[in-house]
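Residue numbers are given in my numbering: position 155 of the sequence shown equals residue 319, and the series is strictly consecutive. First the structure, in the form of structure tokens, and then the observations on it.
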Amino acid sequence: MHNQITILGNLTRDIELKYSGGGMAIASTGIASTKKFTSNGEKKEEVLFVDLTFFGKSAEIANSYLRKGSKCLIAGRLKLDSWTDQQGQKRSKHSVIVENMTMLDSKSDTQPQSNSHDNHNVNNPQVTHENVPAQQSSYQQASMEYDLNEDSVPF
């Protein structure tokens, strides 16, 4: 079986970066994807909010280059989180483990937030940016290709 989801949207909050006991970077944030449509002559908007988790080098890159409002194309694995709340009710929600990411903001919008990454030529096959010279400007997954630019993103 194959579990793959692709989401195009804007981050809903700044990246929260932590490190595991073994030193692996783990970053979390959320993404909002908006669908605009017309129903019975009335314009409507549907917004989907999904939590994201990045691991390893992707987590560190996301922390350096992304912030609340950043435009991204995310591909990853859908995960179901389950827990019991303080009132004893069983709760659950879906989240995405990020496997591939394309940053869609302009280069000036994605400058590193700290001096820890002076090199913009990031050699990570899971992360691409249209203005980073060594990376591809399109997102490829299986036999599908998305060639996106800022003008084609609806928000």
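Ideal Cβ positions, reconstructed from N, Cα and C, are used throughout, including at glycine. Here the structure is a predicted model, which is why all the values come from computation and not from measurement.
Between the alpha carbons of I171 and F201 lies a gap of roughly 18 Å.
Taken through DSSP and simplified to helix, strand or coil, N227 comes out as helix. With a beta-carbon spacing of about 5 Å, I195 and V214 fall inside the 8 Å limit used to define contacts. By the Cβ criterion, the stretch 172 to 192 is not in contact with the stretch 239 to 248, since fewer than three pairs of Cβ atoms, one from each stretch, lie closer than 8 Å. The shortest C-alpha to C-alpha distance from S192 to any of S203, K199, N227 is the one to N227. In the structure shown, the three-state DSSP call for K208 is strand. For N174, the enclosing beta strand (DSSP E) begins and ends at 169 to 175. Closest in C-alpha terms to K257, from the list S184, T266, L216, comes L216. The C-beta distance from E210 to K199 rounds to 5 Å, short enough to meet the 8 Å contact threshold. One Cα belongs to M188, the other to K235, and the distance between them is close to 25 Å.
A direct Cα-Cα distance of roughly 19 Å separates Y183 from S259. Going by DSSP, K257 is part of the beta strand (DSSP E) stretching over 254 to 267. In the three-state scheme derived from DSSP, where H, G and I count as helix and E and B as strand, S203 is classed as strand. Within its own chain, the residues whose Cβ lies closer than 6 Å to the Cβ of R255, once the five positions on either side in sequence are excluded, are W247, D249, listed in chain order.
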